[in-house]
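Colleague:
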Amino acid sequence: MKKVVVLLSCSFLFAPHYNHALDTDVSNKGCCDAKQLQEDKVIMLSEELFYAIDRADKESVEKLVECGADVNSITQDGATPLMFAIAKCSMGCDTFSIIEHLLHNNANPHATVSIDEKTYNVSEFSSLCAERCKIIHQECEKKLEALSATQPQNPEELSVIKRASDKWRSIHETMLVIKELLERE
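Just so you know, we're using the numbering used here here: the sequence shown kicks off at 3 and counts up by one.
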């Protein structure tokens with residue numbers, strides 16, 4: 003199977019043709035360029051898939067996958083839509099249902115990506131993201147303790163840090179659920 007590599011930086015150039023491509027079945031055109039047109043359509047849809055994930059737009063992700071976006075396409079950096087959705091989730095975006103949808107539609111949970119000259123599979127990448135969330139949560143807790151000891155009279159600042167700490171704890175817990183989900187695949 004041919005790998006689809008997407009160029010995210012120029013995806014917006016295809017936007018005017020986006021709806022037309024979704025409605026066009028190029029496989030039955032009968033012309034010599036039909037295969038190339040079909041490949042171009044898959045590439046365009048796959049690029050848009052990354053943008054839909056970036057927006058945490060599950061409806062668009064579902065439509066793009068239904069229309070032929072390659073759930074195992076890769077960016078120039080080697081990331082797949084699944085990895086991108088995991089990374090977005092680790093930053094607080096609500097992409098958990100997108101991750102489930104990608105896995106349900108045969109996204110490869112064993113794909114690998116290289117970061118800082120080390121190769122990670124999707125599960126390891128998820129663990130790396132989870133660890134990052136855990137560290138941020140711990141730093142928030144340390145800041146909360148320090149402020150409580152030195153400035154207990156500033157409830158507004160304490161409240162902001164407490165909310166941040168709770169958010170990062172929640173994201174970390176979600177990342178652990180994703181890791182478990184990936185390990186079952």
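We put the CB at the ideal spot given by N, CA and C, even for glycine.
Going by the beta-carbon positions, is the gap between V124 and H139 smaller than 8 Å?
Modeller: Taking the sequence shown and counting its residues from 1, the one referred to as residue 124 is at position 122. Taking the sequence shown and counting its residues from 1, the one referred to as residue 139 is at position 137. No, Cβ-Cβ distance for V124 and H139 is not below 8 Å.
Colleague: Based on DSSP bridge pairs, tell me the residues matched to T152.
Modeller: Here residue 152 refers to the residue found at position 150 when the sequence shown is read from its first residue. Bridge partners of T152: none, in fact.
Colleague: Are there 16 or more other CB atoms within 10 angstroms of the CB of M85, so buried, or fewer, so exposed?
Modeller: The count along the sequence shown starts at 1 and reaches residue 85 at position 83. With 16 or more other Cβ atoms within 10 Å, it is buried.
Colleague: Inspect the beta-carbon positions of V44 and G70 and report whether they are closer than 8 Å.
Modeller: Position 42 of the sequence shown, counted from the start, is the residue given in the question as residue 44. Position 68 of the sequence shown, counted from the start, is the residue given in the question as residue 70. It is a contact, given that the beta carbons lie within the stated cut-off.
Colleague: Does the contact criterion of 3 or more C-beta pairs under 8 Å hold for the segment 117-134 versus the segment 171-183?
Modeller: yes
Colleague: DSSP state of V44, grouped into three classes?
Modeller: Counting from 1 along the sequence shown, the entry for residue 44 is found at position 42. The answer is helix: DSSP assigns V44 an H, G or I state.
Colleague: In chain order, what are the residue ranges of uninterrupted beta strand (DSSP E) at least 3 long that sit wholly in the segment 71-123?
Modeller: 114-117 and 120-123
Colleague: Give the DSSP-derived three-state secondary structure of C142 in the structure shown.
Modeller: The residue labelled residue 142 in the question sits at position 140 within the sequence shown. In the structure shown, C142 sits in a helix (DSSP, three-state: H, G or I).
Colleague: Who are the Cβ neighbours of A54 in its own chain at under 7 Å, not counting the five residues just before and after it?
Modeller: Here the question's residue 54 lines up with position 52 in the sequence shown. Excluding positions up to five away in sequence, the list reads S62, V63 and L66.
Colleague: Where does D59 fall in DSSP's three states?
Modeller: Counting from one through the sequence shown, the residue named residue 59 turns up at place 57. Here D59 sits in coil by DSSP.
Colleague: Starting from the C-beta of A87, find all residues in its chain whose C-beta is less than 8 Å away, skip the five residues before and the five after it, and write them out in chain order.
Modeller: Start at 1 with the first residue of the sequence shown, and residue 87 comes out as number 85. So the list reads I55, T97, I100, I101 and L104, once near-sequence residues are dropped.
Colleague: Taking the alpha helix (DSSP H) that R175 falls in, what are its first and last residues?
Modeller: Against the sequence shown, residue 175 aligns to sequence position 173. Reading off the sequence, residue 175 comes out as Glu, not Arg. Here the alpha helix (DSSP H) through E175 covers P157 to R186.
Colleague: Is the Cβ-Cβ distance between C131 and S75 less than 8 Å?
Modeller: Within the sequence shown, residue 131 is the residue found at index 129, counting from 1. Within the sequence shown, residue 75 is the residue found at index 73, counting from 1. The answer is no: Cβ separation not under 8 Å.
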